[in-house]
Amino acid sequence: MGSWNSTLGAIVNFRRLTAQDAIVSVGDCKQPIDPPNSISFYQHKNFGGKRCNVQVRKGCQPICPDLDHQASSAEGDAGCVHVYEKPNCEGYVGELTDLKVALMAFYSNFKWTTYQDKISSISDCSNRTVSFFEHKHYKGKRCDFNKVNGCQQMCPDLDKKASSVRGDISCIRGYDDANCTSFLGRIYFPRPPPYITTYAHRFIGPPNNFKNTFLQDTISSFRSCETAAGVNFPFSRPLGGFPWVH
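Here it is in structure tokens:
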């Protein structure tokens, strides 16, 4: 969050500073400060045990050998990290997002999640891939997106004709119009199998078959659910609680 020393003088008001209502613990300046855009994995829940800090850069990066397949919690200031169960970034496990903005508490214990004892390597989120298909179960014509960045328009052949989708990403938002307006709903891709939600996050079914869902023959564009593309409205100050993303 920051550093202070006696040469800076007294700070009599934290208002308009990131420290306002945010300080949980302090340490002396002998402790190393993690580099920006990094993530720290821990051996035990609640950020205990052995620790491995990895700075998120382009490309694949293995985590520390002594925490390979042993991480039980994570925290940091990285906006988005893809995690994999193999050291060469194969075997996609999922996405850790917004560690700095309110979601750290959700990664304090990997138990009962797909991340527990699974993580071997990480990558940044620049290479998100999504593929739509003409027919259910990923068959027929396909429309591939190798980098999901901003609003993506569906391929003309599959505009409002897609019947299934899969991706190397946590979540996308589908839209009825080509310019990412007329929001339809979110499609999540966690491991185990993904599911589709409506505005109320009601379970509908896996995206290998859009039949009988609001997505059948409706999607004309989509974008990632990452909060960098939206606005966070936290329930408590500062940036506390679960963020509602729109």
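So the working numbering is basically just the index in the sequence shown, starting at one, shifted up by 260.
We put the beta carbon where it would ideally sit given N, CA and C, even for glycine.
Remember, it's a predicted structure, so these values are computed and weren't measured experimentally.
- Within the same chain, and ignoring the five residues on either side of I323 in sequence, the residues whose Cβ sits closer than 8 angstroms to its Cβ are F301, C312, V314, A331, I379, S380, S381 and I382.
- Residues S424, R426 and N468 of the same chain have their beta carbon placed closer than 7 angstroms to that of Y398, with the five preceding and five following residues left out of the count.
- Runs of the alpha helix (DSSP H) spanning 4 or more residues and lying entirely within the region 320–380 do not occur at all.
- If you draw a straight line from the Cα of S368 to the Cα of D417, it comes to about 44 angstroms.
- D404 sits in a strand when the DSSP states are folded into three classes.
- Cβ atoms of V316 and S298 come within 8 angstroms of each other, at about 6 angstroms.
- For D428, the pairing in a beta bridge is given by DSSP as T389.
- Ranked by Cα distance from Q303, the first of E335, V286 and V272 is E335.
- Residue environment for A270: exposed (fewer than 16 other C-beta atoms within 10 angstroms of its C-beta).
- DSSP links R483 through a beta bridge to R433.
- Contact between S442 and T357 does not hold, since their C-beta atoms are separated by about 25 angstroms, which reaches or exceeds 8 angstroms.
- Secondary structure of N313 (DSSP, three-state): strand.
- Distance from the CA atom of D281 to the CA atom of N306, rounded to whole angstroms, is 21 angstroms.
- Going by DSSP, F443 is part of the beta strand (DSSP E) stretching over F443 to Y448.
- In the DSSP secondary-structure assignment, G308 is bridged to H304.
- For K421, the closest of P295, K407 and E394 by C-alpha to C-alpha distance is E394.
- Taking a C-beta distance under 7 angstroms as the contact criterion, F392 and C385 do not qualify as a contact pair.
- For a cut-off of 8 angstroms, the C-beta gap from S481 to I432 is around 10 angstroms, too long to register as a contact.
- Around the C-beta of H329, fewer than 16 other C-beta atoms lie within 10 Å, and the residue is accordingly described as exposed.
- Measuring C-alpha to C-alpha distances from K401 to each of T389, G410 and M414 identifies M414 as the nearest.
- Between the alpha carbons of D337 and K318 lies a gap of roughly 16 angstroms.
- Nearest Cα to N409 within the set K396, D419 and V390: V390.
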